[in-house]
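Here is the structure we will look at.
2 protein chains.
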Amino acid sequence: MTVSEVKSFFYDFQLTMDKILDYVVTAFPNNEIVYWPPGGSRVLVTFSQFADRVRRVAAALMDLGLRPGKAWELGSKVAVLEWNTLRYLDLYYAIPSIGAALFTVNAMLAPKEIIYTMGVAKPEVFVVNIDYFEPLLKPILDNVKSIKAVIYMSDRGKQPSQDYGVRMIPYEDLLKHEPLREFPEIDERTPATMLFTSGTTGPPKGGYHTHRGLVLHTLSTALAVKNPPVNASQDDVAIVLVPMYHVHAWGWPWSTMLNGHKKVVYPGRFDWGHILRLIHEEGITFSAGVPTILYNILNHPDSPKYDLSRLKFIVGGAALPEGLLKAAQARGMTVISGYGLTETAPVLTIAYLRPDHKDLSPEKKNEIYLRTGIVIPLVQLRVVDEQDRDVPRDGKTIGEIAVRSPWLFREYIGDPEKTRNAWRNGWFHTGDAAVWFPDNYVKIADRLKDVIKSGGEWIPSLRLEDIISTHPGVNLVAVVGVPHEKWGERPIAIIVPKPSYESRLTEDDIKNYLMQFVEKGEIPKWWIPDKVIFVKELPLTSTGKVDKKILRDQYKEVLSR
Amino acid sequence: MTVSEVKSFFYDFQLTMDKILDYVVTAFPNNEIVYWPPGGSRVLVTFSQFADRVRRVAAALMDLGLRPGKAWELGSKVAVLEWNTLRYLDLYYAIPSIGAALFTVNAMLAPKEIIYTMGVAKPEVFVVNIDYFEPLLKPILDNVKSIKAVIYMSDRGKQPSQDYGVRMIPYEDLLKHEPLREFPEIDERTPATMLFTSGTTGPPKGGYHTHRGLVLHTLSTALAVKNPPVNASQDDVAIVLVPMYHVHAWGWPWSTMLNGHKKVVYPGRFDWGHILRLIHEEGITFSAGVPTILYNILNHPDSPKYDLSRLKFIVGGAALPEGLLKAAQARGMTVISGYGLTETAPVLTIAYLRPDHKDLSPEKKNEIYLRTGIVIPLVQLRVVDEQDRDVPRDGKTIGEIAVRSPWLFREYIGDPEKTRNAWRNGWFHTGDAAVWFPDNYVKIADRLKDVIKSGGEWIPSLRLEDIISTHPGVNLVAVVGVPHEKWGERPIAIIVPKPSYESRLTEDDIKNYLMQFVEKGEIPKWWIPDKVIFVKELPLTSTGKVDKKILRDQYKEVLSR
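Protein chains in written order, with the UniProt record's numbering: chain A, 1 to 561; chain B, 1 to 561.
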């Protein structure tokens, strides 16, 4: 039989996101999804009812004339600006399932940046929560001419307050559509989502993730969280606290359903008092988010009222501080780290335990939880030097994390230079500096651009900041590298003192404090900053991080003067 | 950036089996593999040491000049004839990883059939355990001229007893080779294994499974067995009791490692006394196999000496009899069904529980375990009538199971008619008759060719055999359909009575016995066979199943006479 004869009847099963929906509704039809926004009422749908919603929304979107994409080629884009709602969950499944791309608009960006990213993405349809975001609607429509229809959503039956000169469709109309019977056949390399990096070094850069990437990411993360200490199971009740406008909410909207968790909860707009009540009333046992989310759960005034001892939590997006881990453990929680980027869909590593860790002491286990983790299935990871050679797996030598996986950005749209710079020698370079342990776990040391290169060796600014921040007189600290004639670069520390220390904290205080860590063998002596500068405030980026670029520029001559 | 520019540096991650090895050795380097053959000594290697073995074997095989395959195109084939050993495990990873195809020779076939399948497969290298199979070597080499080298294996340091006129390499030499540093890049659609169906209706038919299919099958089965009641975890100790020459030992050699089980045990040649000792001494908690394997574990004379209460067992390959389930449960075991075919790599369904089953009574749970199960991720399954329409999901109407998945035979090599017949309307037809329940679980009723078509309705021979076999006077029974003028076909029962009943069991006894089940509403009255025939023995196929083809032929005129 020739290849063409076989091709005529063989069904070449594509890894498309509708297959995930099809599986979960077949295997777990009676599992539950709860949507309960702050001040609103509780909505419960089964997976089976949910699939019906998705099929209605998908059919209604097809009626709007959206074009499906092809392999490596974006189809129509549907922009969504919304909190963590059941409606957003509908769209997570419905938009990709018809071959269009879900473009998750980052609600935390400044309006100017939202308009910039939408102008680059050129969505044809804009789905927006008008309870919160109606003021953005006019400036967006004025600037983003690709938008042909707006689908508006509200928890309160709100109607648009004016005529925007474009077709306006209430979201509820989508749910009245006849359900789509069969999802169209789509090549698995068709883009399913479009995302922008947060862009601390210039404007946000867009890219896309394919169906294939997301299906495999879903299978792999689902498997990885079944390792201890999380031991995810059907008995778990999950709440999705990673914003759905932020890297697919790390894929939880898909993987929690694949894992058959008996209930998955969506809290609407983030309101920590409300979320604590949900954790209690819905019996939540599993969640994830950036350290700030965990911080809020632990430190909200209502927090002490609630039992958090059943809650397992994966921290990603930034390093898990040891103090936060211990505060969570003091409440009985299980907390571990994970790691990934927008470009990586996002999950690359999770700090799960393995069988030979079973009998470790709690302190030793904490050392593992505080690492960035170990690869999940289908991720290959190296820590490399500037010539792309593996650095020693000694837990000390810093290198850059480079990865291979089916769920990586293939390119930064419209930025060949950035694309080429990331994809070198067949490996995607993350721009994250890390150390590699003999047991294959990694720990992020720094963003690569923030690492200080002194005499050919790397000094991680984060580690120095961690130590300096434990000095009782320090409120905020940034360590950056500045040019040095002999060493190339040397570290300096810029410190905002606590008010009570403002007039008395000295450069020597800080250097002597650091010497104690040198004497304990925790850092080498040559890491001690050449200069300590005291300021009233530190410059911040739009997302609230210290803007080290400005600092490096401002103090670039401080060691040569 | 144009597509060709992007292609030049983007790494298109292929789903190849070396990625599974790479993951398990990175994530679980210190997990253990134990090989302990009957009468031999215990060998323990860590996953890390195992990966080193695989890289040595792979490099040595490459030196033999094996050709890698391409997408949908077999490369060189390496035939293996061996029991469940560590060596076979090496080969499960090493042969596919270099792009060659692992051809698992079925040790249970008659020598003539072994030679037939090897003649079709045309392996270039033959890896054979000469402790057991040396007598086959000469007839195989005389008939299969493609074999250029023989690699011989022995647990006892045995050397070949004669010169076979072909290059003979001891397996140990492979392990002395320098390890392969990097596995070659292979298209994920390259065949990784070559298998033959058991072929109850003609000569065995060959086909292949691709890397892509096996990687996805591994991920999906690994996820599925983490559902209750199996709840597979790192704490489990698995023993591979499915013969490795039989459909990839259902994929356990790969999925048990992916799931990070702290230890995986290989028992060598099947010896039930030895296996029971291994279950005890190695602390086995997880295994799988055909009903006969479970039967042997429970009924071996030594069995009562051992505690089986921690053992979880998945039965596949044939229906799980209720009596066997209850006997295993009486020993404290957890047993559920699974289902698949050689053509499906093999797993399609497993009878795992879902959250809404948690509070079911033990009897209701048993009903689920006795079903053939529910799909695992990335399997789409329908039960269809002869026009490929879904049959009602009523638990009664019989149809044929048709499936879609990434891990199906694309074709039967050299048999376009059989290929076309299986692949109809984009679905692979399994030839298994089943009923479909409202909750999406399926239960096999019969092989489609054994189903009796009476008056346009289907009667499952297996169900009638199940009931008749519970009559105290019945030793063996086969129910087949024979031509009938009015109804098309009607069932007849052919019975081997127990010796004590030989002269007194009558046709009426059987019919009256069946009437009790009609009265209880368990079967319809029109299922009662038109004729009951008593015989001394039943004809068997080479694999020990009742040969219904011969019976249908022998009694084809019994209702028209």
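Think of the CB as a built atom: it goes at the ideal place given N, C-alpha and C, for glycine as much as any other residue.
| Check | Outcome |
| --- | --- |
| Taking C-beta pairs closer than 8 Å, name the residues in chain A that ARG404/B reaches, listed in chain order. | TYR11 and PHE13 |
| Report back the beta-carbon spacing between ALA224/B and ILE376/B to the nearest angstrom; my notes put them in contact at under 8 Å. | 4 Å |
| How is the beta strand (DSSP E) around ARG382/B delimited, first residue to last? | 380 to 384 |
| By how many angstroms is the C-alpha of SER469/A removed from the C-alpha of ASN475/A? | 7 Å |
| Using 8 Å as the limit for Cβ to Cβ distance, is GLN49/A near chain B? | no |
| Give, in chain order, every residue of the region 435 to 446 of chain A whose Cβ lies closer than 8 Å to some Cβ of chain B. | ASP439 and ASN440 |
| Could you check whether the Cβ of ILE374/A sits closer than 8 Å to any Cβ belonging to chain B? | yes |
| Excluding the 5 residues preceding and the 5 following LEU180/A in the sequence, name in chain order all residues of the same chain whose CB lies nearer than 6 Å to its CB. | ARG55, ALA58 and ALA59 |
| Report buried or exposed for SER405/B, applying the criterion of at least 16 other Cβ atoms within 10 angstroms of its Cβ. | buried |
| Any chance the region 526 to 534 of chain B sits against the region 483 to 499 of chain B, with 3 or more Cβ pairs inside 8 Å? | yes |
| So that I know if they touch, is there some Cβ in chain A lying closer than 8 Å to that of PHE517/B? | no |
| Take TYR352/B as the anchor and find which of ILE33/A, TRP407/A and THR26/A has the nearest alpha-carbon. | THR26/A |
| What number of angstroms, rounded off, separates the C-alpha of THR372/A from the C-alpha of LEU538/A? | 27 Å |
| Kindly identify the DSSP beta-bridge partner or partners of HIS484/B. | GLY488/B |
| What residue range is occupied by the uninterrupted beta strand (DSSP E) comprising TYR266/B? | 263 to 266 |
| With 7 Å as the C-beta to C-beta threshold (strictly closer), list the residues of the region 63 to 89 of chain A near chain B in chain order. | TRP72 |
| Please report the residue range of the beta strand (DSSP E) in which ASP432/B lies. | 427 to 436 |
| Return the first residue and the last residue of the beta strand (DSSP E) that ASP302/A is part of. | Element bounds for ASP302/A: n/a, residue is neither H nor E. |
| Hey, is the region 263 to 280 of chain B in contact with the region 293 to 313 of chain B, meaning 3+ C-beta pairs nearer than 8 Å? | yes |
| GLY426/B touches chain A at which residues, Cβ-Cβ below 7 Å? | TYR11 |
| The beta strand (DSSP E) spanning ILE350/A covers which residue range? | 347 to 350 |
| Please tell me whether ARG354/B has its Cβ less than 8 Å away from any Cβ of chain A. | yes |
| Taking the beta carbon of ASN84/B as the centre, do at least 16 other beta carbons fall within 10 Å, making it buried, or is it exposed? | buried |
| Please identify the residue among ARG156/A, MET118/A, ASN425/A and ASP131/A whose C-alpha is closest to the C-alpha of LEU141/A. | MET118/A |
| I'd like the list of long-range same chain contacts for PRO529/A, defined as Cβ closer than 6 Å, with 5 residues on each side in sequence excluded. | PRO491, ILE492 and ALA493 |
| Please list, in chain order, the residues of the region 256 to 271 of chain B that have any C-beta partner in chain A closer than 7 Å. | LEU258, GLY260 and LYS262 |
| Quick check on the DSSP output: what are the complete alpha helix (DSSP H) runs of length 4 or more inside the region 104 to 185 of chain A, in order along the chain? | 111 to 121, 130 to 143 and 171 to 175 |
| Measure the alpha-carbon distance for HIS217/B versus GLY521/B and round it to whole angstroms. | 40 Å |
| Can you check whether the C-beta of ARG389/A is within less than 8 Å of a C-beta belonging to chain B? | no |
| Per the DSSP calculation, GLY207/A is bridged to which residue(s)? | LEU195/A |
| Who pairs with LYS531/A in a beta bridge, going by DSSP? | ILE492/A |
| Is the beta carbon of ALA222/B closer than 8 Å to that of ASN259/B? | yes |
| For GLY316/A, count neighbouring C-beta atoms within 10 Å of its own C-beta (all shown protein chains included) and say buried if the count is 16 or more, exposed if not. | buried |
| Taking 8 Å as the threshold, find out whether the region 356 to 364 of chain B comes into contact with the region 233 to 243 of chain B through three or more Cβ pairs. | no |
| Going along chain B, which residues have a C-beta under 7 Å from ALA27/A? | ARG354, ILE374 and VAL375 |
| Are the CB atoms of VAL78/B and VAL120/B nearer to each other than 8 Å? | no |
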